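Have a look at the structure below before the remarks.
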Amino acid sequence: MVDAAGAKVVLKGCNLGNWFVIEPWIMHIDQGPGAIHDQYELEGVLSKRFGVAEKNRLMEAYRSNWITEADFRTIRSFGFNLVRLPLNYRQFEDDANPMHLRADAWKWVDKAVDWAEKQGIYTILDMHGAQGGQTENDHTGRSGQNKLWSVPQNQQRLAWLWGEIAKRYRNRNAVVAYDVFNEPWGGSKADQVKVFTYCYDTIRKQDPDKLIFAMGHWDNFDHYGNPKSHGWKNVGFQMHYYPGMFGNGSPNLVSQAKHIANLKEVAVKVDQVNVPFLVGEMNVVFNSSGGAKMMRRYYDLHASYGWMTTVWTYKVLSKEGGFGDASWGMVTNVKPMHELNVHKDSLAEIEKYMLSLSTGMAPWGALRDALTAHHVDQPPLPELPLPRRTAPADERWAGWVSTDIGGSLKGGLVKSSANGFDLYGGGNDIWGGQDDFRFLHMSTAGDFDIEVTIDDVEEIDTYTKAGLMARDGLGSDAPMVMLSTFPSGEVQLALRKTKGGQAQGVASGRVTFPGAKFRLRRIGNTVTAWAGNGAQPTKIGEVEWTAPSQVEVGAVALSHAADRLARISYRDLGFRKG
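Just remember that the numbering used here sits 97 ahead of the position in the sequence shown, which is counted from 1.
Okay, structure coming up:
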């Protein structure tokens, strides 16, 4: 990007997480007898115990100490010139009085932008917690909602708020971009485009020029198409990357090598649409993944592509004190932390805790050194096998049909013995509201009993999947019951009750390979699942599934990587009616 004077600027920095949207894990208050699960619960407990006025005073003490002006000097010392500022809609309006600004609506955002500007740091305003919640996660400020997509008034309120934000900051060059919604993964891709468009149109009525980011889905940003085809001006795309975590492999250098290879394809897509690109969250966390030096590698790599980057996150507390072998933060407490229990601690104890959050902190020296050094020697990355984009063959298995659900990469089947075969499948996932994977299936009516043995699950990804499924049709969003396993041997029973509904984990277990036996049986509306390595597999659980009599049943293969195939080794696939 270029600044107001037309000079090219490489923007790199961090997120100011947990300041305006509290994520309890960052403070280690999400577990134990005094566990708090989101900011909504935290404020509710404080209000119930001490009254709303005292709750508000405590929250002001918290905000005054989690981040201070001094922190922006620390951020600058890392060589950073950008912060992504996670916002909570509750800062600006109350649910009881929607679409009316609070009297103190701009207090803290103004402070943040001013403090950043003093240090030569730009700010991206990020709506981390949207009205109704854009996912069910705690990082929206209130978990268990996901009502942005289904409640039109919430969409109207979000767009209205963005109009007010744009009106406020349209002439502040220090505010470099508006980030419409963080990780909007609770809705479909079509929902994302619809709500983004609504917000874009409202912003442009107030601010015709400033950069606006559209956040991708789990896998990509393809569903937005080319912004120019929508008539969108100065729109960029954003993705979040956590290689070695959250289904993106294990925390090691192999996962980093895979991710770096995948970024080449992302760069091609970004270049094709020729728009700004933000890696809005990233972190390797673990020293086993390369630690501080790997972080420097990513900042340099992203900059070489012309991308902006903000690490998640600036500050995370440590129970033991210090950084250890893994850290999410650039700054943490030096000494062991005091453990807060908002259910039992006195008002004075809670206030003391809030006031202590600006003291006793220290930066991660190794990371700062790596990011500010003129040059850092990087260890070589392991060589990777070429991704398998085509199957060796696509043979028939008598009595069964192969289908690539949801437009996934064409898979295949290779017979390995008289009773065994390797099933090759691609696809991003079998989860959420829609799936793409390879399905070896048959149609059946009424009760059934299906079983198979899994000897190997090729680890393309942590969440590569194999197992058995019953599915109400072959649509990507069809209701289904699935008994699956990952390369780790973890077993999961999952259910999607309705067409386009969200898949939910129901029960879990564990197996080892080879010789992992899986079984699904339907009697009426009850589907029971077993998995194990002995002669009699263990019952994992059962679900009530009100699907029609006629369904598709069979074995699945999912790589959990859209551009490559995974190999699943099956044998003894058996089916019985009744």
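No residue lacks a Cβ here, since even glycine has one placed at the ideal position from N, Cα and C.
These figures come from a predicted structure and were not determined experimentally.
Residues bridged to residue i (per DSSP)
i      : result
Glu641 : Thr623
Pro460 : Val428
Arg673 : Asp546
Arg664 : Tyr521
Gly230 : Paired residue(s): none; Gly230 is not in a bridge.
Arg181 : Asn112 and Ile221
Glu649 : Ser540 and Arg568
Gly241 : The partner list for Gly241 (beta bridge, DSSP) is empty, contrary to what the question assumes.
Leu350 : DSSP lists no partner for Leu350.
Asp192 : Looking at the DSSP assignment, Asp192 forms no beta bridge with any residue, so it has no partner.
Ala654 : Arg535 and Ala563
Arg618 : Asp546 and Thr625
Span of the alpha helix (DSSP H), counted from its first residue to its last, around residue i
i      : result
Pro249 : Pro249 to Tyr266
His327 : Pro324 to His327
Asn162 : Val149 to Trp163
Arg301 : Lys286 to Gln303
Tyr396 : Gly388 to Ser401
Asp168 : Glu166 to Ser174
Pro121 : Pro121 to Met124
Reduced DSSP secondary structure (H/G/I, E/B, other) of residue i
i      : result
Asp207 : helix
Ala563 : strand
Lys416 : coil
Ala364 : helix
Glu555 : coil
Val372 : coil
Ile309 : strand
Leu113 : coil
Ile527 : strand
Ala379 : In the sequence as displayed, the identity of residue 379 is Met instead of Ala. It is a strand residue.
His197 : coil
Asp127 : coil
Gly141 : helix
Gly441 : Just to set this straight, residue 441 is Lys in the shown sequence, not Gly. Three-state DSSP puts Lys441 in coil, outside helix and strand.
Asp319 : helix
Arg269 : coil
Ala358 : helix
Asp135 : coil
Endpoints, the beta strand (DSSP E) within which residue i is located
i      : result
Arg535 : Phe534 to Ala542
Ile218 : No beta strand (DSSP E) holds Ile218; DSSP gives it neither H nor E.
Met405 : Met405 to Val408
Phe610 : Per DSSP, Phe610 belongs to no beta strand (DSSP E) and is neither H nor E.
Tyr677 : Residue 677 lies beyond the range of the chain shown here (98 to 675); nothing can be said about it.
His337 : Val332 to Tyr338
Min CB distance residue i to chain B below 8 Å
i      : result
Tyr396 : The displayed structure is made up of one protein chain only, and chain B is not part of it.
| field | Three-pair Cβ contact test at 8 Å for the segment 292-303 versus the segment 257-266 | value | Because the criterion of three Cβ pairs below 8 Å is met, the segment 292-303 and the segment 257-266 touch.
| Which parts of the segment 453-511 are runs of the beta strand (DSSP E), unbroken and 3 residues or longer, counting only runs that do not cross its ends? | Here the runs fully enclosed are 458-460 and 498-502.
| field | Complete beta strand (DSSP E) runs within the segment 577-604 (minimum length 3 residues, chain order) | value | As far as the segment 577-604 is concerned, its whole beta strand (DSSP E) runs of at least 3 residues are 577-582 and 587-593.
| field | Stretch-stretch touch, CB-based, cutoff 8 Å, three pairs: the segment 224-242 with the segment 266-279 | value | Yes, since at least three Cβ pairs between the segment 224-242 and the segment 266-279 fall closer than 8 Å, the two stretches touch.
| Can at least three beta-carbon pairs, one atom from the segment 507-521 and one from the segment 662-674, be found at a separation below 8 Å? | As far as the Cβ criterion goes, the segment 507-521 touches the segment 662-674, which means the pair count is three or higher.
| Can you find at least 3 beta carbon pairs, one from the segment 411-428 and one from the segment 369-385, that sit closer than 8 Å? | Between the segment 411-428 and the segment 369-385, the count of C-beta pairs closer than 8 Å reaches three or more; the two stretches touch.
| field | Three or more C-beta pairs below 8 Å linking the segment 538-555 and the segment 645-663 | value | Segments in contact, yes.
| Touching by the beta-carbon criterion (3+ pairs, under 8 Å), the segment 120-139 and the segment 438-450 | At 8 Å Cβ cutoff, the stretches touch.
| Are the segment 329-344 and the segment 545-556 touching by the rule of at least three beta carbon pairs closer than 8 Å? | As far as the Cβ criterion goes, the segment 329-344 does not touch the segment 545-556, which means the pair count is below three.
| How do the segment 102-118 and the segment 161-177 stand: do at least 3 beta-carbon pairs fall below 8 Å, yes or no? | The segment 102-118 is in contact with the segment 161-177.
| Stretch pair the segment 204-221 + the segment 144-151: three plus CB contacts closer than 8 Å | Between the segment 204-221 and the segment 144-151, the count of Cβ pairs shorter than 8 Å is below three; the stretches do not touch.
| Is there contact here, the segment 565-583 with the segment 621-629, by at least three beta-carbon pairs under 8 Å? | Touching, yes, given that three or more Cβ pairs across the two stretches are closer than 8 Å.
| said: For the structure I just gave you, are there three or more beta carbon pairs, one from the segment 462-481 and one from the segment 388-405, closer than 8 Å? | reply: A contact exists between the segment 462-481 and the segment 388-405.
| At least three beta-carbon pairs within less than 8 Å, the segment 627-641 to the segment 494-510 | Verdict: no, contact absent.
| said: Across the segment 301-319 and the segment 589-605, are there enough close Cβ pairs to call them in contact, namely three or more that are closer than 8 Å? | reply: Segments in contact, no.
| Validate contact between the segment 405-418 and the segment 365-378 using beta carbons, cut 8 Å, 3 pairs | Yes, the segment 405-418 touches the segment 365-378.
| field | Cβ contact (3+ pairs, closer than 8 Å) linking the segment 483-490 and the segment 457-473 | value | No: the two stretches stay apart, fewer than three of their Cβ pairs being nearer than 8 Å.
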